[in-house]
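Heads up: the structure comes next, in structure tokens.
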Amino acid sequence: MKILGQVAFLLLLGGIWCQNNRNAKASKPSKKSGGNQGGESGQSPPTADLTPGNTRSTRGGGGSAETGREGASGAAGAAGAAGAAGAAGAARAAGQQTDEMRLHFLRNTQVTCNDGTAAGFYLKEFRGSRRWLLFLEGGWCCHSRESCDSRYQNIPRLMSSSGWPQTKRGTGILSAQAEENPHWHNANIVFIPYCSSDVWSGTGPAPTPPPRQRQGREKERETNTNTNTNTTEYTFMGSLIIREVIKDLVPKGIKQAKVVMLSGTSAGGTGVLLNIERVASQLQQLGAEAQVRGLVDSGWFLESKQQRSANCPETISCSPEDAIRIGLRLWNGVVPERCRQLYKRGEEWQCFFGHKLYSTLTSPLFVVQWLFDEEQLRVENIYMGGQSLSEEQWQYIQNLGRELKNSLRDVTAVFAPSCLSHTSITRSNWMSFQVKGTSLPRALQCWDRSLEATRNNRTPAKGCPFHLVDTCQWPQCNPTCPALVDQATQQELTLPQMLVAMGLDPQKLGLDPQEDADSLASMVSNGG
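If you use my numbering, the sequence shown corresponds to residues 58 to 585, in order.
Here you go:
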């Protein structure tokens, strides 16, 4: 009886201990429950969603480290299946951590954003991977004190790091999810925020101005002693920021990389064209054997057709070439050496245009370009989905598609849908866009395989295309195009519906909706 009493007593103690352990776990915030449940352990740092156009900060669910600790505790306090479940919980937590890119400020504090705040980058490491994807954010530029002051007031995140969140989640080719990003989710992904306003070309302070101009600036500073002097003095270091990011990635393993893909959208895409040779040279000097490749999304601009005054204080009133020509002096900007040698002093701005620069580059490049780029149209004051559209503007749109096709004829790797849009590789639905039956991620994979075959002296596989340019003539004639949206009503419209809403007669313009529908069906069934 005495022994039975001791056994009963031990069982009772064990039951109390288990119940207390369950209660303690129940009181901790659960990762699955999401939301903010109070207490530091229940929150993750502010996270930015990298969906294009989305700059708001959001809060994530409970801390994954806390979940991991719970899994470890369960494994230690239970046997067999309970231990396996705890280990699986820890593994899930570790996997979820990799979804986020974490902010790192540059170690070289002399290289900064426009306003002197620290420049930096976001990094999501994938241990063991020898592939690196570096992404340059877009956002056009400013080229004068007036245009930079306006930019600083209206879009401060493109000139300062003071509001950057601690973490970001990538979308499209920056996503860590295999379902969204089948070929690059397991790479080391680096997002470099754009805060230099110089199309990634600046190399520091511009040359010292003449004495009279310098005295004017000093007097201006004196009159602004009670205001933020950053609104009158800026530094432009885009190209230097890229250089310093690569330096800071050396301890992370970029020297052991097999492939480094420098990518970017819009001004970031142009930044790829301007910097890829310099990046390749830097990595070679560091002793890396990586092949450096470029992915240019919506950064392949054409010169403007409108005649404008060269004295254009606001960026939007400038043609792209005038803004760059003026800005280059302010930014102390640099262009690739082989392209610079083609043009006389003062004409270096021409190297910002892909169709003039491309043939001078030696690094492999893949160009993604909508044939009817909305930003190219905006430069000409054409806004699809706006209030009105003239027949002359419609003719310009038609001509733009033809000219872009011609400019891409000699580009080895290209994906150019006949759509009205801007940027694609960071969209969460980027897998849905197709040209001649091939999706954008598939085309990139085909290009990747071709480059690997060439490096290994093998014949590239057939039936895996990566020179894909739509042959249909009209905007939106590709059935996988992003939908057009009426700016006033936010309703999705077909192209004929939008032209009617903007005051044009589609049939008069030669658009036959039924004929177009038949040709689209034929194009899809025949693979383009």
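Here a beta-carbon is modelled for each residue, glycine too, at the ideal position from N, C-alpha and C.
- Between glycine 259 and serine 253, the C-beta gap is smaller than 7 Å, which places the two residues in contact.
- In terms of CA proximity to glutamate 157, Gln223 leads the group Lys312, Val168, Gln223, Gln210.
- For glutamine 491, DSSP records a beta bridge to Ser496.
- In the displayed model, lysine 462 falls within a helix according to three-state DSSP.
- With contact defined as three or more Cβ pairs closer than 8 Å, the region 343-351 and the region 213-231 are not in contact.
- Scanning Gly411, Gly390, Thr417, Leu385 for the CA closest to the CA of leucine 399 turns up Thr417.
- Closest in C-alpha terms to glycine 185, from the list Ser204, Asn211, Asn245, comes Asn245.
- As computed with DSSP, histidine 524 is found in a beta bridge with Val471.
- For valine 424, the enclosing beta strand (DSSP E) begins and ends at 422-425.
- Distances from the alpha-carbon of phenylalanine 429 to those of Ser478, Thr546, Gly442, Arg512 put Ser478 closest.
- By the CB criterion at 7 Å, glutamate 405 and valine 392 fall inside the cutoff.
- Counting only residues of its own chain and dropping the five nearest sequence neighbours on each side, alanine 175 has a CB closer than 8 Å to the CB of Phe162, Leu163, Thr166, Thr169, Ser218.
- With contacts defined as CB atoms closer than 7 Å, leucine 330 and glycine 411 qualify as a contacting pair.
- Annotated as proximal: methionine 318 and leucine 190, with beta-carbon spacing under 7 Å.
- Between the C-alpha atoms of serine 489 and proline 474 there is a straight-line separation of about 12 Å.
- Taking a 10 Å sphere around the C-beta of proline 532, we find 16 or more other C-beta atoms and assign the residue as buried.
- The region 506-526 and the region 539-550 do not touch, with fewer than three beta-carbon pairs separated by less than 8 Å.
- Burial of threonine 495 is indicated by the presence of at least 16 other C-beta atoms within 10 angstroms of its C-beta.
- Threonine 322 is positioned such that its CB atom lies no closer than 7 Å to that of glycine 227.
- In this structure, phenylalanine 183 places its C-beta atom within 7 Å of the C-beta atom of asparagine 243.
- When the Cα atoms are used, tryptophan 504 and leucine 160 turn out to be separated by approximately 31 Å.
- Per the DSSP secondary-structure output, glycine 390 pairs in a beta bridge with Gly259.
- Bounds of the beta strand (DSSP E) holding aspartate 354 are 348-354.
- The beta carbons of glycine 229 and tryptophan 257 sit no closer together than 7 Å.
- For threonine 551, there is no enclosing alpha helix (DSSP H), as DSSP gives it neither H nor E.
- Judged by their CB atoms, histidine 200 and alanine 337 are not nearer to each other than the 7 Å cut-off.
- Scanning Leu359, Lys309, Cys375 for the CA closest to the CA of lysine 413 turns up Leu359.
- Our two residues, valine 436 and tyrosine 179, have alpha carbons roughly 31 Å apart in a direct line.
- The criterion of a C-beta distance shorter than 7 Å is not satisfied by leucine 446 and leucine 568.
- Annotated three-state conformation of glutamate 378 is helix, per DSSP.
- Out of Met555, Gln544, Pro563, Gln491, the CA that lies nearest to the CA of proline 536 is found in Gln491.
- Counting only the Cα atoms, tryptophan 487 lies some 11 Å from arginine 499.
- For aspartate 430, the beta-bridge partners assigned by DSSP are Ser478.
- Under the DSSP assignment, isoleucine 246 falls in the beta strand (DSSP E) whose first and last residues are 245-249.
- In the structure shown, leucine 566 falls within a coil segment according to DSSP collapsed to helix, strand and coil.
- Ranked by Cα distance from valine 307, the first of Arg187, Ile482, Leu556 is Arg187.
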